[in-house]
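Peer 1: Residue numbering for the sequence shown follows the working numbering, beginning at 2 and increasing consecutively.
We put the CB at the ideal spot given by N, CA and C, even for glycine.
The structure's right below; bear with me while I get my questions together.
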Amino acid sequence: ASVLLERTASSESGYKRPTFQLQYGIIGDSYALGAASRCEPALPSDVIERAAEIIVGDDKENGDIFRAYTTSLEREQEAARAAAAEAEMLTEDIIRCRGATVAFARAYVDQISRLETRLE
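Rendered as structure tokens:
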């Protein structure tokens, strides 16, 4: 799960604030080191640097791959949401069309019955 952030940065701090909403299925960036570097009393910079090295590892490319993967997952999730919304709309249309078709068929049966009665 990932904590969602506001879409725009706060004008007073310049940082995006958390919305306190969790988004399941998406692994987001960790903002722990940034928060730790701004806390009072501040953590020693060598502690924060070492933590960053451990998180990222020796290969900075891993972080880029992770971000690309996360971005790709976010895009796929948005596309899935859009497809689900479209499917819901189409389902509602189908239900309306089915109702109209049933009503038309009933009216047709009633009309045939009246014609048969007149012919007798």
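Threshold first: 4 residues or longer. Then list the alpha helix (DSSP H) segments lying entirely within the region 38-89, N to C.
Peer 2: 46-57
Peer 1: Report yes if the C-beta distance between residue 38 and residue 49 is below 8 Å; otherwise report no.
Peer 2: Taking the sequence shown and counting its residues from 1, the one referred to as residue 38 is at position 37. Taking the sequence shown and counting its residues from 1, the one referred to as residue 49 is at position 48. Yes, they are a contact pair.
Peer 1: Since residue 53 and residue 74 are thought to touch, with beta carbons under 8 Å apart, how far apart are those beta carbons, to the nearest angstrom?
Peer 2: Position 52 of the sequence shown, counting from 1, holds the residue named residue 53. Position 73 of the sequence shown, counting from 1, holds the residue named residue 74. That belief does not hold up - the Cβ atoms of residue 53 and residue 74 are roughly 23 Å apart, past 8 Å.
Peer 1: To the nearest angstrom, how far is it from the Cα of residue 69 to the Cα of residue 76?
Peer 2: If you number the sequence shown from 1, residue 69 lands on position 68. If you number the sequence shown from 1, residue 76 lands on position 75. Whole-angstrom Cα-Cα distance: 11 Å.
Peer 1: Output needed for residue 44: all residues of its chain with C-beta closer than 8 Å, excluding positions within five of it in sequence on either side, in chain order.
Peer 2: If you number the sequence shown from 1, residue 44 lands on position 43. Hits under 8 Å: 37, 38.
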